[in-house]
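Participant:
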Amino acid sequence: MPSNADAAELFRSIADLLDLLGEKFKPEAYRRAARSIESLTEDLAAVAARHELRAIPGVGEAIAEKTEEYLRTGTVQYYERLKREIPAGLVELMRLPGLGPKTARRFWVELGIEGPKELTDAIAAGRLDGVKGFGDKKIDQIRTALAAAKSGGAATRRPLEEVFPVARSLVNALRAGAPADRVELAGSFRRARESVGDLDILVTSKEPTKVFDVFTAQPEVAEVKMRGETKETVLLKGGLQVDLRVVEPDEFGAALQYFTGSKDHNVRLRSLARDRGLKVNEYGVFRGEERVAGATEEEVYASLGLSWIPPELREDRGEIDLAAKGKVPSLVSAGDVHGDLHVHLPADAGTSDAETVVRDARRRNYSFLGVVVAGVDASGTAWALSEELRSHLSASGGLNPRLYFGVETAPGPLPKGLDAVAHDYRILRPSAGTVGPGESEPPGAPSSVPTVIAHVGASETAALLRWVEEARKSSAAFDLGPGPERLDSTGGRLVREAGLSVHLATGVGRPPDDPTGEVALGFARRAGMPPEKVWNVRLPGALSSARSAPRKSPSAGSSDPPRSPSSTRRRSA
DNA sequence: GCCGTTTTCGGCCCGACTGTTTTCAGTCG
Numbered sequence: 013m014p015s016n017a018d019a020a021e022l023f024r025s026i027a028d029l030l031d032l033l034g035e036k037f038k039p040e041a042y043r044r045a046a047r048s049i050e051s052l053t054e055d056l057a058a059v060a061a062r063h064e065l066r067a068i069p070g071v072g073e074a075i076a077e078k079t080e081e082y083l084r085t086g087t088v089q090y091y092e093r094l095k096r097e098i099p100a101g102l103v104e105l106m107r108l109p110g111l112g113p114k115t116a117r118r119f120w121v122e123l124g125i126e127g128p129k130e131l132t133d134a135i136a137a138g139r140l141d142g143v144k145g146f147g148d149k150k151i152d153q154i155r156t157a158l159a160a161a162k163s164g165g166a167a168t169r170r171p172l173e174e175v176f177p178v179a180r181s182l183v184n185a186l187r188a189g190a191p192a193d194r195v196e197l198a199g200s201f202r203r204a205r206e207s208v209g210d211l212d213i214l215v216t217s218k219e220p221t222k223v224f225d226v227f228t229a230q231p232e233v234a235e236v237k238m239r240g241e242t243k244e245t246v247l248l249k250g251g252l253q254v255d256l257r258v259v260e261p262d263e264f265g266a267a268l269q270y271f272t273g274s275k276d277h278n279v280r281l282r283s284l285a286r287d288r289g290l291k292v293n294e295y296g297v298f299r300g301e302e303r304v305a306g307a308t309e310e311e312v313y314a315s316l317g318l319s320w321i322p323p324e325l326r327e328d329r330g331e332i333d334l335a336a337k338g339k340v341p342s343l344v345s346a347g348d349v350h351g352d353l354h355v356h357l358p359a360d361a362g363t364s365d366a367e368t369v370v371r372d373a374r375r376r377n378y379s380f381l382g383v384v385v386a387g388v389d390a391s392g393t394a395w396a397l398s399e400e401l402r403s404h405l406s407a408s409g410g411l412n413p414r415l416y417f418g419v420e421t422a423p424g425p426l427p428k429g430l431d432a433v434a435h436d437y438r439i440l441r442p443s444a445g446t447v448g449p450g451e452s453e454p455p456g457a458p459s460s461v462p463t464v465i466a467h468v469g470a471s472e473t474a475a476l477l478r479w480v481e482e483a484r485k486s487s488a489a490f491d492l493g494p495g496p497e498r499l500d501s502t503g504g505r506l507v508r509e510a511g512l513s514v515h516l517a518t519g520v521g522r523p524p525d526d527p528t529g530e531v532a533l534g535f536a537r538r539a540g541m542p543p544e545k546v547w548n549v550r551l552p553g554a555l556s557s558a559r560s561a562p563r564k565s566p567s568a569g570s571s572d573p574p575r576s577p578s579s580t581r582r583r584s585a
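Going by the working numbering, the letters in the first sequence line up with residues 13 to 585, in that order.
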């Protein structure tokens, strides 16, 4: 059964071929459908089975039919026909930087060139010399692009956490060293997309040239690709592209909105503006010649009758309708995070020692910390770690943050002897990473112990769905944050739609430039998570209100975390 | 090809930049 990603790729391929045919609007229609399908929180086949394909934004009659054909037969005749009609090499030519569908098509129609190899030969043979539209510079540019493509330097999207450090460093450098009033990141970085293709930095300044000079002098910058009056594009040493734009202060909000995107969100916004006799561009919102908004994003949205929309939600998934009704959900924010329930210490699998973790937790003003021990034979380790951390706390001015203990365990009942230690909460860990049909059953999660389901990625929707079903029974939360072993925002969205909670990775105890916490928070916001569904904000009920009620072993009393005198007892059923 | 609490037809973002141009086409974001 083809995955959603397979279907999205198919429609993107169709779009590329239609581009080469010179189609004007169809390619974008197919790409929009592809984006939409990719961001679904369930399998396309399930949607198709309910006959609801056309409810997917951007999917109409024609694309719904092709989707059904694809699900049924594994291919689409329309696509097969296009492939027969258009040489595959043309798509490669079209993707070369500086070339597009028009030029690729001209090579094919006018010169019989069907791919990179033939184009390279044609240039070497001087066949492009004197052809209208191809001067020396253009030919040089194409030659360079062909060579670069051959050596495999294709630009790829990178994980958000990977670009975070360099993004922050560039912004800090501009804020410190350039004659700029405001410096902000826009684009998919600001929307906290899981991957970013490039960075967009927006600056207000009266001296663009000086800003560009400071920027270009940064050690990370390898090459200036382009510099105009208001815009500079550079490549960093790792190959990441960064666009820097300078705008006027009273245009800043409009520009920030515009360059934050997403494309689909902006398209929807502009059509809304058109309906109201307004025009939106990166300089402001206009009624005729008159500018009615532009200095701030709030004013841009307000001029269109909308409340401000958090960047992480700007994907045209219904957020504009919500903003029109003033019902944009309030999202968890940095100030809401008061703790972390998934901390490993070095004696276990952690990298930061107890002292560092405690210091960082206090710096962050955390009120609770959960230390986790992995493995089934870790009873002794758990005791040792709990004592270590507790002694650090008491030696450094009291028992704040409050401590909790957890055991990271494979699916199934807790091993004997550990129930005493793990009476507060536990982290479940599927041994094979995911549980799929035919594999071991999802865990019989305990009913009264707060459980975080960790080390489950979102790549297998079907497996995640089984975990969600299991989590429902016990109101467990899912670990969310960067990396393949946590849920990303799409998984988070699925969890939110199921009415369940998440636990955010915070990176507490990690070095100051570690992006884990910010990225996890971004993903959670992107998933539409309100603070009340995030366990880092407030402990789940069983921990916060029934901590003094031992469930299994009264002998564990001596290892209980410090109790608040005011905590109330709650007996679990 | 998709879409519509003003439309089932006629729209679909639009400006910066480059290169090849003498006023513009193509690409990019």
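Glycine residues also receive a C-beta, built at the ideal position from the N, C-alpha and C atoms.
Please report how far the alpha carbon of Gly306 lies from the alpha carbon of Asp262, in whole angstroms.
Facilitator: Taking the first sequence and counting its residues from 1, the one referred to as residue 306 is at position 294. Taking the first sequence and counting its residues from 1, the one referred to as residue 262 is at position 250. So the two alpha carbons sit approximately 6 angstroms from each other.
Participant: Alpha carbon to alpha carbon, how far is Lys237 from Ile151? Give it in angstroms, no decimals.
Facilitator: By 1-based counting over the first sequence, the position of residue 151 is 139. By 1-based counting over the first sequence, the position of residue 237 is 225. Roughly 17 angstroms separates the two Cα atoms.
Participant: From Val246 to Pro231, what distance separates their C-alpha atoms?
Facilitator: Here residue 246 refers to the residue found at position 234 when the first sequence is read from its first residue. Here residue 231 refers to the residue found at position 219 when the first sequence is read from its first residue. Between Val246 and Pro231, the C-alpha separation is close to 12 angstroms.
Participant: Quickly, what does DSSP pair Gln253 with across the bridge? List them, please.
Facilitator: Within the first sequence, residue 253 is the residue found at index 241, counting from 1. According to DSSP, which records beta bridges pairwise, Gln253 is partnered with Asp210 and Leu247.
Participant: Can you give me the C-alpha to C-alpha distance between Arg282 and Val292, rounded to a whole angstrom?
Facilitator: Against the first sequence, residue 282 aligns to sequence position 270. Against the first sequence, residue 292 aligns to sequence position 280. If I take the Cα positions, the gap works out to 6 angstroms.
Participant: Note down, one range per segment and in chain order, each beta strand (DSSP E) of at least 3 residues found wholly within the region 491-543.
Facilitator: The region 491-543 contains these whole beta strand (DSSP E) runs: 513-516.
Participant: My parser needs the beta strand (DSSP E) runs of 3 or more residues fully inside the region 172-198; what are they?
Facilitator: You should have 194-197.
Participant: Can you tell me which residues form a DSSP beta bridge with Asn16?
Facilitator: Locating residue 16 in the first sequence gives position 4, counting from the first residue. Beta-bridge pairing links Asn16 to no other residue.
Participant: Start and end of the beta strand (DSSP E) containing Ala100?
Facilitator: Here residue 100 refers to the residue found at position 88 of the first sequence. Looking at the DSSP string, Ala100 is not in any beta strand (DSSP E); the run it does join, the alpha helix (DSSP H), is Ala100 to Arg107.
Participant: Closest by CA to Gly86, which one among Gly112, Ala234, Pro14 and Pro322?
Facilitator: Taking the first residue of the first sequence as position 1, residue 86 is located at position 74. Per the Cα distances, Pro14.
Participant: Got a sec, what are the start and stop residues for the alpha helix (DSSP H) Val121 sits in?
Facilitator: Here residue 121 is taken as the residue at index 109 of the first sequence, counted from 1. Looking at the DSSP string, the run of the alpha helix (DSSP H) that includes Val121 is Pro113 to Leu123.
Participant: Using the rule of at least 16 other Cβ atoms within 10 Å of the residue's Cβ for burial, across every protein chain shown, is Glu122 buried or exposed?
Facilitator: Residue 122 sits at position 110 when you count from the first residue of the first sequence. With fewer than 16 Cβ atoms within 10 Å of its Cβ, Glu122 is classed as exposed.
Participant: Check each candidate in Gln153, Glu73 and Asp212 and name the one with the smallest Cα separation from Val178.
Facilitator: For the purposes of this step, residue 178 is identified with residue 166 of the first sequence, where counting begins at 1. Selected option, being the one with the closest Cα: Asp212.
Participant: Taking the C-alpha atoms as reference points, what is the distance between Lys275 and Glu327?
Facilitator: Taking the first sequence and counting its residues from 1, one reaches residue 275 at position 263. Taking the first sequence and counting its residues from 1, one reaches residue 327 at position 315. Their backbone Cα atoms lie some 8 angstroms apart in a straight line.
Participant: Decide if Asn377 is buried, meaning its Cβ has at least 16 other Cβ atoms within 10 Å, or exposed.
Facilitator: Sequence index remark: in the first sequence, residue 377 carries index 365 (1-based). Asn377 should be labelled exposed.
Participant: Just mark Ala444 as buried or exposed, buried being the case when its beta carbon has 16 or more other beta carbons within 10 Å.
Facilitator: Position 432 of the first sequence, counted from the first residue, corresponds to residue 444. With a pLDDT of 44 at Ala444, under the threshold of 50, the modelled position of that residue is not reliable, and the figure given next carries that caveat. With fewer than 16 other Cβ atoms within 10 Å, it is exposed.
Participant: For Leu316, which of helix, strand or coil comes out of DSSP?
Facilitator: Counting from one through the first sequence, the residue named residue 316 turns up at place 304. Leu316 falls in the coil class under three-state DSSP.
Participant: Taking Trp479 as the reference, give the member of Arg498, Pro494 and Gly540 with the closest Cα.
Facilitator: Counted from its first residue, the first sequence places residue 479 at position 467. Minimum Cα distance to Trp479 is reached at Arg498.
Participant: Indicate whether Ser513 and Ala539 have their beta-carbon atoms separated by less than 7 angstroms.
Facilitator: As a working mapping, residue 513 is identified with position 501 in the first sequence. As a working mapping, residue 539 is identified with position 527 in the first sequence. Result no, Cβ atoms of Ser513 and Ala539 do not sit closer than 7 angstroms.
Participant: Sorted by chain position, which residues of the same chain lie with C-beta nearer than 7 angstroms to Glu309's C-beta, five sequence neighbours on each side aside?
Facilitator: If you number the first sequence from 1, residue 309 lands on position 297. Taken in chain order, the residues that qualify are Gly265, Leu268, Gln269 and Trp320.
Participant: Less than 8 angstroms between the CB atoms is what I'm expecting for Pro171 and Gly127, so what's the real figure, rounded?
Facilitator: Against the first sequence, residue 171 aligns to sequence position 159. Against the first sequence, residue 127 aligns to sequence position 115. With 8 angstroms as the limit, Pro171 and Gly127 do not qualify as a contact, their Cβ atoms being about 32 angstroms apart.
Participant: What first and last residue would you give for the beta strand (DSSP E) that runs through Ala386?
Facilitator: Here residue 386 is taken as the residue at index 374 of the first sequence, counted from 1. It spans Phe380 to Ala386 - the beta strand (DSSP E) in which Ala386 sits, taken as one unbroken run.
Participant: Nearest to Leu22 by CA position, among Glu40, Tyr416 and Thr79, is which residue?
Facilitator: Here residue 22 refers to the residue found at position 10 of the first sequence. The residue with the shortest Cα to Cα distance from Leu22 is Thr79.
Participant: Does DSSP put Asn548 in a helix, in a strand, or in coil?
Facilitator: Translated into the one-based positions of the first sequence, residue 548 becomes position 536. Three-state result, Asn548: coil.
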